[in-house]
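> Take a look at this one; I'll ask things after.
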Amino acid sequence: MTYRSGRHFLQLPGPTPVPERVFRAMNRSVIDHRGPEFGEMTLGLFDGLKWVFGDPAHVFIFPSSATGCWESALANAISPGDRVLLWNNGFFASKWGEVGRALGLRVEAIDGDWRRPADPARIAARLAEDSGDGKRGIQAVLVVHNETSTGLTSDIAAVRKALDEAGHPALLMVDAVSSLAATPFQQAEWGVDVTVCGSQKGLMLPPGLGFCAVSEKALARHRAGRGTPRSYFDWTAMLSDNEGGYFPYTPPTTLLYGLEASLAMLREEGADATFARHARHAEATRRAVAAWGLRNYCQDPKAVSSAGTTVMVGDGEDADAFRLAVLERFDMSLGTGLGPLKGKVFRIGHLGDLNELTLMGALAGVEMGLKTSGIAHEPGGLVAAADFLAGA
């Protein structure tokens, strides 16, 4: 292999680049995970996570990917044979449904348009038809807040309103994997019962930590004996040990050091400033895409994502060949199309530890890639983004 100067641009909608401050925090000796120093640190992490998620009753930290927390959310509050309602409008929504089926749940999917957000009216109509009674009723509604595969964000508060207006007791479970710390999210205010997230996106950490933020209602379902057989992802064991800041098994100490640093960075910037920064970078990216004459996959202007932009290429063009050309020529990774979007789209990540110059470098790589790979486009995307950022 030949040495490549400069740095690699990791412009995926996750994993995102890890800040040097987080790397430095992780570069410490491991301490006793049963000792007082560790317990004090972890209790502080729980407080910080409650601030990020929006005041849930508790946040479980699992050494896993977010997929593990999909499983934990369902296994601790939903029993085999129970029905759950899934809003399916993207690759990751459909994968969550697969996890439910593997646990023996009856997953009923409302197949939505992948280019549009969740439709609260359709969810409300289905819930109005449901008895909501015992095992005959729907026990949970599953919605992805920001669908990473398609680059669109759903209105979770409106989904909660749909449940309330239907008078339905189902738990509201939300995947916030690519929205947390990039897009406003308020678990308690929005009435979310379980929120699933991972460490490698807005939280600016390496992959390896999964989070389940839960409400008192979800904990009550769990304590009442709901759930599927489980061990590693069991909430009961975690709750007991978490009281003192500990875990029922050996935790990933160095990742927790990094989490402490990332939470401090988010506090220092402030939630409003963090969200505004992501929104500004997302708008600059969309302006570049429009100036290139390319199309944003999301068709609802109110639902466009602040975490990533999914860009369509023309018929007969290969988005993955374009991505490979950008990687080989300009040392930048762009997100691939997933599921039925394979080869039809590429994804530009703009979340996490990102500033204007980093974004402009990424957009320059895209524009140069469009020129060298033969993707039909118009010039001027980089100028459009620069003009917006200079005046924003």
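Just so you know, we're using this note's numbering here: the sequence shown kicks off at 739 and counts up by one. Ideal Cβ positions, reconstructed from N, Cα and C, are used throughout, including at glycine. Only a predicted model underlies this, so the values are computations on that prediction, with no experimental measurement involved.
Could you name the residues of the same chain whose beta carbon sits closer than 6 Å to that of residue 835, not counting the 5 residues immediately before and after it, in chain order?
824, 845, 847
> Which residues in the same chain as residue 797 place their Cβ atom closer than 8 Å to its Cβ, once the five residues preceding and following it in sequence are excluded?
784, 787, 788, 791, 949, 950, 951, 952
> What separation, rounded to the nearest whole angstrom, lies between the Cα atoms of residue 1077 and residue 831?
Spanning the alpha carbons of residue 1077 and residue 831 requires a straight line of approximately 12 Å.
> Give me, in chain order, the residues of the same chain whose beta-carbon lies closer than 6 Å to that of residue 1055; leave out the 5 immediate sequence neighbours on both sides.
1113
> I'd like the list of long-range same chain contacts for residue 1017, defined as Cβ closer than 6 Å, with 5 residues on each side in sequence excluded.
Here residue 1017 has 1044 as same chain residues with Cβ atoms under 6 Å from its own Cβ, once five neighbours each way along the sequence are excluded.
> Under 7 Å Cβ to Cβ from residue 899, same chain only, skipping five residues before and after it: list those, please.
858
> When you compare each of 861, 887, 920 to residue 905 by their alpha carbons, which one comes out closest?
861
> What is the residue span of the alpha helix (DSSP H) that residue 1036 lies within?
That residue, residue 1036, is in no alpha helix (DSSP H); it is neither H nor E in DSSP.
> Report the three-state DSSP secondary structure of residue 1084 (helix, strand or coil).
strand
> So, is residue 960 buried or exposed, given that buried needs 16 or more other C-beta atoms within 10 angstroms?
buried
> From residue 826 to residue 911, what does the alpha carbon distance come to, in whole angstroms?
13 Å
> Do residue 1010 and residue 926 have their CB atoms nearer than 8 Å?
Cβ atoms of residue 1010 and residue 926: not closer than 8 Å.
> So within the stretch 791 to 819, which uninterrupted beta strand (DSSP E) runs reach at least 3 residues, ignoring any that extend past its ends?
Fully enclosed beta strand (DSSP E) runs of 3 or longer: 796 to 800.
> Reducing DSSP to helix, strand and coil, say where residue 966 ends up.
coil
> Just to confirm, is the Cβ distance from residue 755 to residue 1046 under 8 Å?
no
> Using a threshold of 8 Å, state whether the C-beta atoms of residue 976 and residue 986 are closer than that.
yes
> What does a CB cutoff of less than 7 Å around residue 839 pick up in its chain, not counting 5 residues either side in sequence?
Hits under 7 Å: 845.
> Using a Cβ-Cβ cutoff of less than 6 Å, which residues in the same chain neighbour residue 929 once the five nearest sequence positions on both sides are dropped?
Within the same chain, residue 929 has close Cβ partners 898.
> What is the residue span of the beta strand (DSSP E) that residue 846 lies within?
844 to 849
> Start and end of the beta strand (DSSP E) containing residue 747?
747 to 749
> Beta strand (DSSP E) containing residue 949: first to last residue?
948 to 952
> Please tell me whether residue 1073 and residue 750 are closer than 8 Å, where the distance is taken between their beta carbons.
Closer than 8 Å, so yes.
> Give every residue of the same chain whose Cβ lies closer than 6 Å to the Cβ of residue 1001, excluding the five residues on either side of it in the sequence, and list them in chain order.
Same-chain partners within the cutoff: 786.
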